[in-house]
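Student:
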Amino acid sequence: MGKQANERRVAENEARAVAKMIRTSPYKLNLVAETIRGMTADKALAELAFSRRRVAGTVRKTLESAIANAENNHQLDVDRLVVAEAYVGKSLVMKRWHARARGRVGKIVKPFSNLTIVVREREETA
410 MGKQANERRV AENEARAVAK MIRTSPYKLN LVAETIRGMT ADKALAELAF SRRRVAGTVR
470 KTLESAIANA ENNHQLDVDR LVVAEAYVGK SLVMKRWHAR ARGRVGKIVK PFSNLTIVVR
530 EREETA
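What the sequence shown shows, in my numbering, is residues 410 to 535, in sequence order.
1) Taking Cβ positions, are I431 and A495 nearer each other than 8 Å?
2) Could you name the residues of the same chain whose beta carbon sits closer than 6 Å to that of M448, not counting the 5 residues immediately before and after it, in chain order?
3) If you draw a straight line from the C-alpha of A425 to the C-alpha of K452, how long is it?
4) Sorted by chain position, which residues of the same chain lie with C-beta nearer than 6 Å to H483's C-beta, five sequence neighbours on each side aside?
5) Tell me the DSSP secondary structure of E473 in three-state form.
6) How long is the line joining the alpha carbons of V518 and A458, rounded to whole angstroms?
7) Identify the continuous beta strand (DSSP E) that holds V441 and give its terminal residues.
8) In whole angstroms, give me the CA-to-CA distance for G520 and R529.
9) Just curious, the beta strand (DSSP E) that K519 is in, first and last residue?
10) Since A397 is in the alpha helix (DSSP H), which residue starts that stretch and which ends it?
11) Can you have a look at R469 and say buried or exposed, based on whether 16 or more other CB atoms are within 10 angstroms of its CB?
12) When we look at the beta-carbon of V502 and count the other beta-carbons within 10 Å, is it buried (16 or more) or exposed?
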(Lines of atoms letter the chains of each structure in order from A; the text may use other names.)
(Lines give C-alpha, C1' and ligand atoms only; values in the text may rest on other atoms or scores of the structure.)
Protein backbone atom coordinates (compact mmCIF):
# COMPACT_ATOMS: atom_id res chain seq x y z
CA MET A 410 0.00 0.00 0.00
CA GLY A 411 3.07 2.22 0.37
CA LYS A 412 4.60 4.52 -2.18
CA GLN A 413 6.83 3.11 -4.92
CA ALA A 414 10.57 3.59 -4.31
CA ASN A 415 12.29 5.99 -6.71
CA GLU A 416 15.00 4.72 -9.01
CA ARG A 417 18.56 5.48 -7.95
CA ARG A 418 19.98 8.53 -9.68
CA VAL A 419 23.55 7.29 -9.33
CA ALA A 420 25.21 3.89 -9.84
CA GLU A 421 25.33 1.14 -7.22
CA ASN A 422 28.89 2.05 -6.18
CA GLU A 423 28.16 5.81 -5.89
CA ALA A 424 26.54 8.22 -3.46
CA ARG A 425 25.83 11.92 -3.78
CA ALA A 426 25.02 15.04 -1.79
CA VAL A 427 23.53 18.32 -3.00
CA ALA A 428 23.88 21.74 -1.36
CA LYS A 429 21.44 24.34 -2.63
CA MET A 430 21.22 28.11 -2.27
CA ILE A 431 24.90 28.70 -1.43
CA ARG A 432 25.42 32.45 -1.26
CA THR A 433 28.35 32.80 -3.64
CA SER A 434 28.80 33.04 -7.38
CA PRO A 435 29.06 29.81 -9.38
CA TYR A 436 32.48 30.89 -10.68
CA LYS A 437 33.96 31.23 -7.17
CA LEU A 438 32.37 27.97 -6.02
CA ASN A 439 33.68 26.13 -9.07
CA LEU A 440 37.24 27.22 -8.28
CA VAL A 441 37.00 25.24 -5.02
CA ALA A 442 35.07 22.30 -6.52
CA GLU A 443 37.73 22.03 -9.23
CA THR A 444 40.46 21.42 -6.65
CA ILE A 445 38.83 18.26 -5.21
CA ARG A 446 37.70 16.51 -8.42
CA GLY A 447 39.34 13.10 -8.76
CA MET A 448 40.88 13.13 -5.27
CA THR A 449 40.35 10.48 -2.64
CA ALA A 450 37.77 11.49 -0.03
CA ASP A 451 40.19 11.89 2.87
CA LYS A 452 42.69 13.86 0.78
CA ALA A 453 39.90 16.15 -0.45
CA LEU A 454 38.74 16.79 3.14
CA ALA A 455 42.30 17.75 4.11
CA GLU A 456 42.57 20.04 1.08
CA LEU A 457 39.33 21.82 2.00
CA ALA A 458 40.27 22.11 5.69
CA PHE A 459 43.33 24.19 4.80
CA SER A 460 41.83 26.16 1.91
CA ARG A 461 41.72 29.91 2.48
CA ARG A 462 38.55 30.46 0.45
CA ARG A 463 35.38 31.29 2.38
CA VAL A 464 33.19 28.83 0.50
CA ALA A 465 35.53 25.90 1.23
CA GLY A 466 33.68 25.25 4.51
CA THR A 467 30.39 24.72 2.69
CA VAL A 468 32.04 22.44 0.13
CA ARG A 469 33.59 20.46 2.99
CA LYS A 470 30.19 20.03 4.67
CA THR A 471 28.69 18.79 1.41
CA LEU A 472 31.55 16.33 0.87
CA GLU A 473 31.14 15.03 4.44
CA SER A 474 27.43 14.56 3.73
CA ALA A 475 28.19 12.59 0.55
CA ILE A 476 30.61 10.38 2.50
CA ALA A 477 28.01 9.80 5.24
CA ASN A 478 25.39 8.94 2.58
CA ALA A 479 27.79 6.42 1.05
CA GLU A 480 28.50 4.79 4.40
CA ASN A 481 25.03 4.78 5.97
CA ASN A 482 22.62 4.58 3.03
CA HIS A 483 24.60 2.56 0.47
CA GLN A 484 27.04 0.53 2.67
CA LEU A 485 30.14 1.63 0.74
CA ASP A 486 33.67 1.45 2.15
CA VAL A 487 34.70 4.95 3.28
CA ASP A 488 38.42 4.28 2.83
CA ARG A 489 37.99 3.55 -0.89
CA LEU A 490 35.85 6.59 -1.82
CA VAL A 491 36.94 8.97 -4.59
CA VAL A 492 35.32 12.29 -5.57
CA ALA A 493 33.98 11.23 -8.97
CA GLU A 494 32.05 14.41 -9.77
CA ALA A 495 31.85 17.88 -8.24
CA TYR A 496 29.81 20.27 -10.31
CA VAL A 497 28.23 23.67 -9.78
CA GLY A 498 25.01 25.18 -11.08
CA LYS A 499 23.35 28.57 -10.95
CA SER A 500 20.49 29.24 -8.59
CA LEU A 501 18.55 32.45 -8.18
CA VAL A 502 20.08 35.92 -8.39
CA MET A 503 18.91 38.64 -6.00
CA LYS A 504 18.98 42.05 -7.62
CA ARG A 505 19.43 45.15 -5.52
CA TRP A 506 20.27 48.76 -6.30
CA HIS A 507 22.47 51.42 -4.81
CA ALA A 508 21.69 55.13 -5.17
CA ARG A 509 24.30 57.02 -7.18
CA ALA A 510 24.83 60.65 -8.09
CA ARG A 511 22.35 62.67 -10.18
CA GLY A 512 19.44 60.30 -9.56
CA ARG A 513 21.05 57.30 -11.15
CA VAL A 514 21.23 53.73 -9.90
CA GLY A 515 24.11 51.31 -9.45
CA LYS A 516 23.08 47.68 -9.95
CA ILE A 517 24.05 45.11 -7.28
CA VAL A 518 23.79 41.42 -8.16
CA LYS A 519 23.82 38.81 -5.37
CA PRO A 520 24.11 35.34 -6.97
CA PHE A 521 23.35 31.96 -5.38
CA SER A 522 24.72 28.57 -6.45
CA ASN A 523 24.01 24.84 -6.17
CA LEU A 524 26.71 22.23 -5.58
CA THR A 525 26.50 18.50 -6.30
CA ILE A 526 29.21 16.07 -5.17
CA VAL A 527 29.23 12.42 -6.24
CA VAL A 528 31.61 10.00 -4.51
CA ARG A 529 32.43 6.61 -6.04
CA GLU A 530 33.90 3.51 -4.43
CA ARG A 531 36.95 2.48 -6.43
CA GLU A 532 37.53 -1.18 -7.21
CA GLU A 533 40.14 -3.29 -5.46
CA THR A 534 43.43 -3.43 -7.37
CA ALA A 535 44.69 -7.03 -7.57
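No residue lacks a Cβ here, since even glycine has one placed at the ideal position from N, Cα and C.
Tutor: The structure says:
1) Contact: no.
2) Correct list, in chain order: V492.
3) First, the residue type needs correcting, since residue 425 is Arg and not Ala in the sequence shown. Note on geometry: alpha-carbon atoms of R425 and K452 lie some 18 Å from one another.
4) If we look at H483 and ignore the five residues flanking it on each side, its Cβ neighbours are A424.
5) Three-state DSSP puts E473 in a helix.
6) Take the alpha-carbon of V518 and the one of A458: they are about 29 Å apart.
7) Counting along the chain, no beta strand (DSSP E) covers V441; the unbroken alpha helix (DSSP H) around it starts and ends at 435-445.
8) The residue you asked about is not Gly; residue 520 is Pro in the sequence shown. Computed Cα separation, rounded: 30 Å.
9) If you look at K519, you'll find it in the beta strand (DSSP E) that goes 514-530.
10) This structure gives no information on residue 397, because the portion of the chain shown stretches from 410 to 535.
11) R469 comes out buried.
12) By the 10 Å Cβ count, V502 comes out exposed.
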